[in-house]
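*Asks:* Below is the structure I would like to discuss, written out as structure tokens.
6 protein chains.
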Amino acid sequence: MVCPGSFDPVTNGHLDVFARASRLFENVIVAVMVNRNKQGLFSSQERIDMVKETVAHLPNVKVEGFEGLLADFCKQRDIGAIVKGLRAVSDFDYEIGMAQLNRGLTSVETLFIATNPEFGYLSSSVVKDVASFQGDVSGLVPPAVAVRLKEKFD
Amino acid sequence: MVCPGSFDPVTNGHLDVFARASRLFENVIVAVMVNRNKQGLFSSQERIDMVKETVAHLPNVKVEGFEGLLADFCKQRDIGAIVKGLRAVSDFDYEIGMAQLNRGLTSVETLFIATNPEFGYLSSSVVKDVASFQGDVSGLVPPAVAVRLKEKFD
Amino acid sequence: MVCPGSFDPVTNGHLDVFARASRLFENVIVAVMVNRNKQGLFSSQERIDMVKETVAHLPNVKVEGFEGLLADFCKQRDIGAIVKGLRAVSDFDYEIGMAQLNRGLTSVETLFIATNPEFGYLSSSVVKDVASFQGDVSGLVPPAVAVRLKEKFD
Amino acid sequence: MVCPGSFDPVTNGHLDVFARASRLFENVIVAVMVNRNKQGLFSSQERIDMVKETVAHLPNVKVEGFEGLLADFCKQRDIGAIVKGLRAVSDFDYEIGMAQLNRGLTSVETLFIATNPEFGYLSSSVVKDVASFQGDVSGLVPPAVAVRLKEKFD
Amino acid sequence: MVCPGSFDPVTNGHLDVFARASRLFENVIVAVMVNRNKQGLFSSQERIDMVKETVAHLPNVKVEGFEGLLADFCKQRDIGAIVKGLRAVSDFDYEIGMAQLNRGLTSVETLFIATNPEFGYLSSSVVKDVASFQGDVSGLVPPAVAVRLKEKFD
Amino acid sequence: MVCPGSFDPVTNGHLDVFARASRLFENVIVAVMVNRNKQGLFSSQERIDMVKETVAHLPNVKVEGFEGLLADFCKQRDIGAIVKGLRAVSDFDYEIGMAQLNRGLTSVETLFIATNPEFGYLSSSVVKDVASFQGDVSGLVPPAVAVRLKEKFD
Chain S
1 MVCPGSFDPV TNGHLDVFAR ASRLFENVIV AVMVNRNKQG LFSSQERIDM
51 VKETVAHLPN VKVEGFEGLL ADFCKQRDIG AIVKGLRAVS DFDYEIGMAQ
101 LNRGLTSVET LFIATNPEFG YLSSSVVKDV ASFQGDVSGL VPPAVAVRLK
151 EKFD
Chain Z
155 MVCPGSFDPV TNGHLDVFAR ASRLFENVIV AVMVNRNKQG LFSSQERIDM
205 VKETVAHLPN VKVEGFEGLL ADFCKQRDIG AIVKGLRAVS DFDYEIGMAQ
255 LNRGLTSVET LFIATNPEFG YLSSSVVKDV ASFQGDVSGL VPPAVAVRLK
305 EKFD
Chain Y
309 MVCPGSFDPV TNGHLDVFAR ASRLFENVIV AVMVNRNKQG LFSSQERIDM
359 VKETVAHLPN VKVEGFEGLL ADFCKQRDIG AIVKGLRAVS DFDYEIGMAQ
409 LNRGLTSVET LFIATNPEFG YLSSSVVKDV ASFQGDVSGL VPPAVAVRLK
459 EKFD
Chain W
463 MVCPGSFDPV TNGHLDVFAR ASRLFENVIV AVMVNRNKQG LFSSQERIDM
513 VKETVAHLPN VKVEGFEGLL ADFCKQRDIG AIVKGLRAVS DFDYEIGMAQ
563 LNRGLTSVET LFIATNPEFG YLSSSVVKDV ASFQGDVSGL VPPAVAVRLK
613 EKFD
Chain V
617 MVCPGSFDPV TNGHLDVFAR ASRLFENVIV AVMVNRNKQG LFSSQERIDM
667 VKETVAHLPN VKVEGFEGLL ADFCKQRDIG AIVKGLRAVS DFDYEIGMAQ
717 LNRGLTSVET LFIATNPEFG YLSSSVVKDV ASFQGDVSGL VPPAVAVRLK
767 EKFD
Chain X
771 MVCPGSFDPV TNGHLDVFAR ASRLFENVIV AVMVNRNKQG LFSSQERIDM
821 VKETVAHLPN VKVEGFEGLL ADFCKQRDIG AIVKGLRAVS DFDYEIGMAQ
871 LNRGLTSVET LFIATNPEFG YLSSSVVKDV ASFQGDVSGL VPPAVAVRLK
921 EKFD
């Protein structure tokens, strides 16, 4: 079972999905998308490191970077299902489409889990917006991420 | 893992969800809701029987009737997750709400799987509408259900 | 080309769709659904009569009652397309599903036209609610319908 | 400013909207819709009583029953705005339509406030469903309502 | 009460929200977001000037520029509520999220008002698209804005 | 009747709409938007050429490039209706807005046709994403487009 994403940076909403997936499935891989053409706020290594620190307390969760199509990654690793958090209707349309595409490409299934409503508004973009104006991100991201955001926007 | 519903009657869309769930999880229970106050087209026994015939070829799928709250059923059976098909945005709002309610009541999680788009329009109500006007339901329901619908509306 | 509906009663929103369809297509049939099992506020004859009065000024629009499946009606008449007004997202899901069903049954296509936003909230139910409390329906329905509503709720 | 609804029964989600409205506006009227043709679980007097107990601690909130069109009620009382909680996209379409209708009838405006996400799934129907199966409603409704629900479903 | 936005440029849809808010609330501040990192079509000074000309006839509406987080701006000014126009479902998801974020950061509430359906499609982007092709924007923006758009795209 | 778009590149979903429109209307123009300020993957000439190859078997479909406002293009050609495919709710909001804008500018109507659900997830962006990672696009685009994509991403 794989939880894919850019995680630029990982938020408390992502962590909530990882933790719940780790209770439902034996092994969870968090797959951090590496995209050479798209510059994020954090480098792919930084993004991978932050996720690793964030899930260190979840023994059955592993973190890996990957490049290319998610469907290919799943096929290579013989992963049967992708798990994604669904926050809102606007997520829904996009994610249903991606699920259909991935299933068509390599038969991998996608399972959706509703985001904890407390984190319904939370995305990496929102976090970066708040941090860029020196807003308080302590309720939005794990402590290690808050520290790194402070460094970036100082 | 449990797939709940009224299944009045079971459709090819439901069957698609059962079959995909049976490939992802070791054991699948299809839980047929029995509601003494709400009269369906088929009795609860007929609905259970039709689901049983429909999943007979899936060895790790069991069918049971249940009465009461789904969250209580899951707790009694120590079931960690509900699997539901999501067809459209209008499903989404309702199902997300039910997932939040069930999680609040007994911590049971809900996993959503996107309905095969070929069956996106399909519901038990649509099937009953078409059958009531002697329309062709052969692409909409399993053969055994088509026979029973014909009997009901003759 | 056919504009189907229950029209219990016809509203200014429906009339707007009929008028625009009559400018785009050579011949328009307004098909009034007759349902023996579902009692409306107006009888099917009353509903047909009100639509006829409402479209009397549109020479290429004919009004007919029909019973059964819309897809069958289209096939019998060799009608290639259904035209439906779309008001809101909640309409969308249902209507897309019906379009898919009808196309699957008899290959009839469905074309959607966006309701005039001025009438976006308007439905036969809203009209009946307002009329039932002696509210002013003069901006919501054609004059002939307003008269009949007054008679029903006096 | 008026908060209208059926409140059959009032939930913690409704209470959250009343309390937030009472902080934003000088005077808040909770208007309990009385509908002689539609039988609820609780009588209109019971529904009014439960709301009164629920808002007793909010000094600027008054509770009244009303019959007829909300737009007429607002006009008679010279109320400029309706305040409604918005939970989900499916609420949105309906409520936007009602706002447009009410504004057309008597120029009354509608202000929407997002429901606390913790109560996003909560409705009077959900509460009645849970209570009907002896489920735990203590987190869903005020204590006085929980007692009355227990009486109804015993 | 504050109406925030980029207003690049202000449209007739924005003006409709300002005018309706000015009738419901004693004092309205239109807060024009200044973003040093994002270049708009108009400079922040031009955007502020255009809004000022547009609301000159509304005595209880003031216009100000602001930089940083809206939640901080509201806290500094002791503003209890943000008023936002809601056009469509795609607005809804985003705006509900922002409302939840802002409430979490500084307890400021957000009130939504449905856009006049006549302006439902209208956004600053649409206006710029039409103007860039020398289309007629006279029904979309106040006259002073139409003049400035003509200058920009000549 | 006109089917407008960027078609960067044309997909099997677009082709499905063209083919269905060609059965419903006497003459169909596919209008390929040329935008000098926005660089696509393919040049406007390449995009026009690919559409031409794709619809070569549909005798009543013509392909043209156009620059400027679609509403102006329709007016110049005396075209009464635009036909657009609708895939999902997120399309809906945008397309309804564009329809309202175009109708306001030059009275041109827009007719929507539901995308074949098999292609519901398909967009030019998805195709480019898959092709950029050497994924298999043979089920997503016509053969001639697949060849050109291969050339671009080799």
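Those protein sequence lines, which keep their order, are chains S, Z, Y, W, V and X. Position 89, counted from 1, in the first sequence is what this note's numbering calls 89; the numbers after and before it change by one each time, with no gaps. Add 154 to the 1-based position in the second sequence for this note's numbering, that's all there is to it. Add 308 to the 1-based position in the third sequence for this note's numbering, that's all there is to it. Add 462 to the 1-based position in the fourth sequence for this note's numbering, that's all there is to it. Add 616 to the 1-based position in the fifth sequence for this note's numbering, that's all there is to it. Add 770 to the 1-based position in the sixth sequence for this note's numbering, that's all there is to it. Beta carbons are placed, not taken as given, at the ideal position from N, Cα and C, and that holds for glycine.
When burial is assigned at 16 or more other CB atoms within 10 Å of the CB, is S/VAL145 buried or exposed?
*Replies:* So S/VAL145 ends up on the buried side.
*Asks:* With a threshold of 9 Å between beta carbons, is V/ILE729 in contact with chain W?
*Replies:* At least one chain W Cβ lies under 9 Å of V/ILE729.
*Asks:* V/LEU738 to X/VAL780, Cα distance in whole Å?
*Replies:* Looking at the two C-alpha atoms, the distance is approximately 28 Å.
*Asks:* In the DSSP assignment, find the unbroken beta strand (DSSP E) run with S/ALA82 in it and report its ends.
*Replies:* The sequence shown places Ile at residue 82 of chain S, rather than the Ala named in the question. Unbroken beta strand (DSSP E) run through S/ILE82: 81-86.
*Asks:* Is Z/PHE246 close to chain S? Criterion is C-beta to C-beta, closer than 9 Å.
*Replies:* Chain S, which has a Cβ nearer than 9 Å to the Cβ of Z/PHE246, makes this yes.
*Asks:* Can you pull the chain Y neighbours of X/GLN880, defined as C-beta to C-beta under 8 Å?
*Replies:* It is Thr, not Gln, that sits at residue 880 of chain X in the sequence shown. Per Cβ cutoff of 8 Å: ILE421, ALA422.
*Asks:* According to the Cβ coordinates, are Z/LEU240 and Z/PHE246 closer than 9 Å?
*Replies:* Yes; because the gap between Cβ atoms is below 9 Å, this pair is in contact.
*Asks:* For a quick check, are the C-beta atoms of Z/PHE161 and Z/HIS168 less than 9 Å apart?
*Replies:* Yes, these two residues count as a Cβ contact at 9 Å.
*Asks:* Would you say W/MET495 reaches chain Y, if we count a Cβ-Cβ gap shorter than 9 Å as a contact?
*Replies:* W/MET495 does not count as touching chain Y.
*Asks:* Measure the C-alpha to C-alpha separation of Z/LYS238 and S/ALA81 and round it to an integer number of angstroms.
*Replies:* Roughly 15 Å between the two C-alpha positions.
*Asks:* Just by C-beta distance, which residues in the stretch 168-185 of chain Z are closer than 8 Å to chain S?
*Replies:* Against chain S - using a Cβ distance shorter than 8 Å - the residues of the stretch 168-185 of chain Z are ARG174, ARG177, LEU178.
*Asks:* Does DSSP put Z/VAL182 in a helix, in a strand, or in coil?
*Replies:* Here Z/VAL182 sits in strand by DSSP.
*Asks:* Quick check on the DSSP output: the beta strand (DSSP E) that includes S/ALA114 runs from which residue to which?
*Replies:* S/ALA114 -> beta strand (DSSP E) spans 109-114.
*Asks:* Measure from the C-beta of Y/PRO425 to each C-beta in chain X and report whether the shortest distance is under 9 Å.
*Replies:* Yes - at least one Cβ of chain X is within 9 Å of the one on Y/PRO425.
*Asks:* By how many angstroms is the C-alpha of X/PHE788 removed from the C-alpha of X/PRO829?
*Replies:* About 11 Å.
*Asks:* By the criterion of Cβ-Cβ separation under 9 Å, what are the contact partners of W/GLY559 in chain Y?
*Replies:* Per Cβ cutoff of 9 Å: ARG395, ALA396, GLY428, TYR429, LEU430, SER431, VAL434.
*Asks:* Which word fits W/GLU613, buried or exposed, when buried means at least 16 other C-beta atoms lie within 10 angstroms of its C-beta?
*Replies:* Under this definition W/GLU613 is an exposed residue.
*Asks:* Report the three-state DSSP secondary structure of W/PRO466 (helix, strand or coil).
*Replies:* It is a strand residue.
*Asks:* So which residues of chain S does Z/GLY234 contact, with C-beta pairs closer than 8 Å?
*Replies:* Going along chain S in sequence order, the residues near Z/GLY234 (Cβ under 8 Å) are ARG23, LEU24.
*Asks:* If we cut at 9 Å on Cβ distances, does W/GLN596 have a partner in chain Z?
*Replies:* Yes, because at least one Cβ of chain Z sits closer than 9 Å to the Cβ of W/GLN596.
*Asks:* Give a yes or no on whether the minimum CB-CB distance between Z/LEU195 and chain W is below 9 Å.
*Replies:* It does not; no Cβ of chain W falls within 9 Å.
*Asks:* Within this structure, are the beta carbons of X/ALA801 and X/LEU839 separated by less than 9 Å?
*Replies:* Taking 9 Å as the Cβ cut-off, X/ALA801 and X/LEU839 do not qualify as a contacting pair.
*Asks:* Taking the C-alpha atoms as reference points, what is the distance between X/GLY810 and S/MET98?
*Replies:* In a straight line, the C-alpha of X/GLY810 is about 22 Å away from that of S/MET98.
*Asks:* Start and end of the beta strand (DSSP E) containing X/PHE836?
*Replies:* Element bounds for X/PHE836: 831-836.
*Asks:* Going by other Cβ atoms of all chains shown within 10 Å of its Cβ, with 16 needed for buried, is S/PHE133 buried or exposed?
*Replies:* Exposed, by the Cβ-count rule.
*Asks:* Given this structure, state the Cα-to-Cα distance separating X/SER792 from Z/MET155, to the nearest angstrom.
*Replies:* Distance between the alpha carbons of X/SER792 and Z/MET155: 48 Å.
*Asks:* Across which residues does DSSP place Y/MET341 in a beta bridge pair?
*Replies:* Bridge partners of Y/MET341: Y/PHE374.
*Asks:* Roughly how far, in whole angstroms, is the beta-carbon of W/ALA576 from the beta-carbon of V/THR726, given that I think they are within contact range, below 8 Å?
*Replies:* Between V/THR726 and W/ALA576 the Cβ distance is about 7 Å, and since that is below 8 Å, they are a contact.
*Asks:* When DSSP labels each residue in this structure, what does V/PRO625 get in the three-state scheme?
*Replies:* It is coil, neither helix nor strand.
*Asks:* Got a sec, what are the start and stop residues for the alpha helix (DSSP H) Y/ASP295 sits in?
*Replies:* It is not possible to answer for residue 295 of chain Y, since the shown part of chain Y is limited to 309 through 462.
*Asks:* On the three-state DSSP scale, how would you describe Y/LYS346?
*Replies:* Three-state result, Y/LYS346: coil.
*Asks:* Where do the N-terminal and C-terminal ends of the alpha helix (DSSP H) with Z/GLU200 fall, by residue?
*Replies:* Counting along the chain, the alpha helix (DSSP H) containing Z/GLU200 begins and ends at 198-208.
*Asks:* With a 10 Å radius around its C-beta and 16 neighbouring C-beta atoms as the bar for buried, classify V/ALA672 as buried or exposed.
*Replies:* Burial call: exposed.
*Asks:* For Y/GLN384 and chain Z, any beta-carbon pair shorter than 9 Å?
*Replies:* No, its Cβ sits nowhere closer than 9 Å to a Cβ of chain Z.
*Asks:* Flag this pair as yes or no: are the beta carbons of Z/VAL284 and Y/LEU413 separated by less than 9 Å?
*Replies:* Yes, Cβ-Cβ distance for Z/VAL284 and Y/LEU413 is below 9 Å.
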